[in-house]
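Trainee: In UniProt numbering, the protein residues as written are 1 to 451.
Attaching a single structure in structure tokens format; questions to follow.
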């Protein structure tokens, strides 16, 4: 999928189509999770500090917090659409998957192009989103081809084109080559995939390691026989938050861990399994990470038990140093769940923590007056579904639109107007029957990622 997070925002908020959209954390330490192609023209990209991307794009930038629940539903519909044509998919992320259609075994390049164009058209018709498709003899070539096809394109790499394509690419484009491996290769004068392919197996192993070296050497030579297989279920479910100011007391951590544990628990509920092990991750201001885990005698989905266990794993920043990031993870996942045998005892620590009256900096962007924040989804009895385009000084400006309405009107209200209510972000997709079916198969979540 092309610029997936930003494209979903432009789909559901039609006023943003054609504008440079940045999705990510809005605070001082915010990072870009997604950038529209209009923003990429200025040099903005994913994983870049948000303040840097905003500076590059300038005053025309539209910066929005992520809406994870919307991207999740959009991803599911995209993949449902693709599965109708390609039943077995190896999903890599929200917006990327490998497929190996049985009907294309032994097909000509023209046949593959026709199939891929039908697939792109089907995704566009069903979802309104744009997909780019790459095809080749194996996963490595297909992934490179899909990157070359973007935006809104199709690239089929024929067998007789593979060596020419691979040999001229920077070595970093090879799947599995990260910054460390790239640096090692560059120091030896190896800049391209072709130069890596020209090494012997022994040389590749000595540079990149006995295990990974030969595997990367095979990929560099265009040898890739890895099958397309459905990925295994997640082994861990987690959530984390980076704070705009370091947390320096245990009381602040206790306040902060509640919403994070709740966020992780909502993901666990959607997964449908229980967890036996709870892990707390603490990243200090010097970027070093501490983790602590506790394993229960049974797998459970009880939120109080899991949250209380997370509370007990916290360390005092006055002893370990200021904390910039806090995460909660659940592992030891099992379909066999047992409710807590001693709920009062399990919850006691959490209940004590909840009674502490302390202040903690609000993660990322704080709500404006009236509790509204730019990007929030809103409903109004007369004007329907909208989103907050501006807030402050006791007023809130709302743009009323969804995927199905086209660009909408903007209205300004007092921030405490009782007619304005928090809305389910998924409603902005306006996918009526599909969302109804989804609701019947799995209860909708109120989960909203805030960056």
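Every residue, glycine too, gets a C-beta built ideally from N, C-alpha and C.
Look at the alpha carbon of residue 247 and the alpha carbon of residue 281, and state the distance between them as a whole number of angstroms.
Mentor: Computed Cα separation, rounded: 14 Å.
Trainee: If contacts are defined as beta-carbon pairs under 8 Å, then residue 33 and residue 66 qualify, I think. What distance do you get, rounded to the angstrom?
Mentor: Rounded, the Cβ-Cβ distance is 5 Å, consistent with contact.
Trainee: Just to confirm the assignment: which complete beta strand (DSSP E) runs, minimum length 3, are found wholly within the region 91-175?
Mentor: Qualifying beta strand (DSSP E) stretches, in chain order: 96-99, 133-135, 154-156.
Trainee: In terms of alpha-carbon separation, which member of 96, 123, 63 lies closest to residue 27?
Mentor: Checking every option, the nearest Cα to that of residue 27 belongs to 63.
Trainee: For my contact list, residue 332 and residue 300 are in at a C-beta cut-off of 8 Å; report their separation, rounded to the angstrom.
Mentor: Contact doesn't hold; Cβ gap of about 10 Å is too wide.
Trainee: Taking the CB atoms as reference points, tell me whether residue 398 and residue 406 lie closer together than 8 Å.
Mentor: Not in contact: residue 398 and residue 406 (Cβ atoms no closer than 8 Å).
Trainee: I'd like to know if the region 215-234 and the region 313-324 are in contact, where contact means that at least 3 CB-CB pairs between them fall below 8 Å.
Mentor: Contact between the region 215-234 and the region 313-324 is absent, because fewer than three Cβ pairs lie under 8 Å.
Trainee: Would you call residue 175 buried or exposed, if buried means 16 or more other Cβ atoms sit within 10 Å of its Cβ?
Mentor: Looking at its Cβ environment, which holds fewer than 16 other Cβ atoms inside 10 Å, residue 175 is exposed.
Trainee: Taking the continuous alpha helix (DSSP H) assigned at residue 75, which residues delimit it?
Mentor: 68-83 is the span of the alpha helix (DSSP H), which, as asked, contains residue 75.
Trainee: With DSSP collapsed to three states, give me the class of residue 439.
Mentor: In the structure shown, residue 439 sits in a helix (DSSP, three-state: H, G or I).
Trainee: So who's on the other strand from residue 89, going by DSSP bridges?
Mentor: Its beta-bridge partners are 99.
Trainee: Give the secondary structure of residue 393 by DSSP, where H, G and I count as helix, E and B as strand, and everything else as coil.
Mentor: Coil, per DSSP.
Trainee: Go to residue 319, then tell me how far its beta strand (DSSP E) extends in each direction, as first and last residue.
Mentor: Where residue 319 is concerned, there is no enclosing beta strand (DSSP E), although the alpha helix (DSSP H) it sits in stretches over 317-320.
Trainee: In angstroms, rounded to a whole number, what distance separates the CA positions of residue 323 and residue 253?
Mentor: Distance between the alpha carbons of residue 323 and residue 253 is about 8 Å.
Trainee: Quick check: residue 158 and residue 149, are their CB atoms within less than 8 Å of each other?
Mentor: No, these two residues do not count as a Cβ contact at 8 Å.
Trainee: Note down, in chain order, each residue of its chain lying with its Cβ closer than 8 Å to the Cβ of residue 97, except the 5 sequence neighbours on either side.
Mentor: For residue 97, where only same-chain residues beyond five positions count, the Cβ hits under 8 Å are 79, 82, 89, 90, 91.
Trainee: Helix, strand or coil: which one does DSSP assign to residue 388?
Mentor: Residue 388: strand per DSSP, three-state reduction.
Trainee: Assuming residue 411 and residue 428 are in contact, meaning their beta carbons sit under 8 Å apart, how far apart are those beta carbons, in whole angstroms?
Mentor: In fact, because the Cβ distance is near 17 Å, the residues do not count as touching under 8 Å.
Trainee: Please state the DSSP three-state secondary structure of residue 207.
Mentor: Here residue 207 sits in helix by DSSP.
Trainee: Runs of 4 residues minimum, wholly inside the region 277-325: which ones carry the alpha helix (DSSP H) assignment?
Mentor: Listed in chain order, the complete alpha helix (DSSP H) runs (minimum 4 residues) inside the region 277-325 are 303-312, 317-320.
Trainee: Between which two residues does the beta strand (DSSP E) harbouring residue 24 extend?
Mentor: Its beta strand (DSSP E) spans residues 21-24.
Trainee: What does DSSP give as the partner residues of residue 379 in its beta bridges?
Mentor: Answer by DSSP bridge pairing, in chain order: 385, 421.
Trainee: Which residues does DSSP list as the beta-bridge partners of residue 452?
Mentor: Because the chain here runs from 1 to 451, residue 452 falls outside it and cannot be looked at.
Trainee: Could you check how far apart the C-beta atoms of residue 408 and residue 127 are, in whole angstroms? I think they sit under 8 Å.
Mentor: In fact, because the Cβ distance is near 20 Å, the residues do not count as touching under 8 Å.
Trainee: Here's the rule: buried if 16 or more other CB atoms are within 10 angstroms of the residue's CB, otherwise exposed. What is residue 393?
Mentor: That one is exposed.
Trainee: Am I right that residue 124 and residue 130 are in contact with their C-beta atoms under 8 Å? What's the rounded C-beta distance?
Mentor: Going by Cβ atoms, the distance from residue 124 to residue 130 rounds to 6 Å, so yes, they are a contact pair.
Trainee: Please state if the CB of residue 212 and the CB of residue 240 are separated by a distance shorter than 8 Å.
Mentor: Taking 8 Å as the Cβ cut-off, residue 240 and residue 212 do not qualify as a contacting pair.
Trainee: Cβ of residue 203 within 8 Å of Cβ of residue 170?
Mentor: No, the pair does not count as a contact, with Cβ atoms beyond the cut-off.
Trainee: Does the Cβ of residue 285 lie closer than 7 Å to at least one heavy atom of the ligand SAM?
Mentor: As presented, the structure is devoid of all ligands, the ligand SAM included, so that no description of it is given.
Trainee: Following the continuous beta strand (DSSP E) through residue 240, name the residue where it begins and the one where it ends.
Mentor: Unbroken beta strand (DSSP E) run through residue 240: 236-247.
Trainee: Considering just the uninterrupted stretch of the beta strand (DSSP E) at residue 457, what are its terminal residues?
Mentor: Absent from the model: residue 457. The displayed extent of the chain is 1 to 451, so no value can be given.
Trainee: By the 10 Å Cβ neighbour count, where 16 or more other Cβ atoms means buried, how is residue 210 classified, buried or exposed?
Mentor: Under this definition residue 210 is an exposed residue.
Trainee: Between 320, 292, 302, which has its C-alpha nearest residue 250's C-alpha?
Mentor: Selected option, being the one with the closest Cα: 320.
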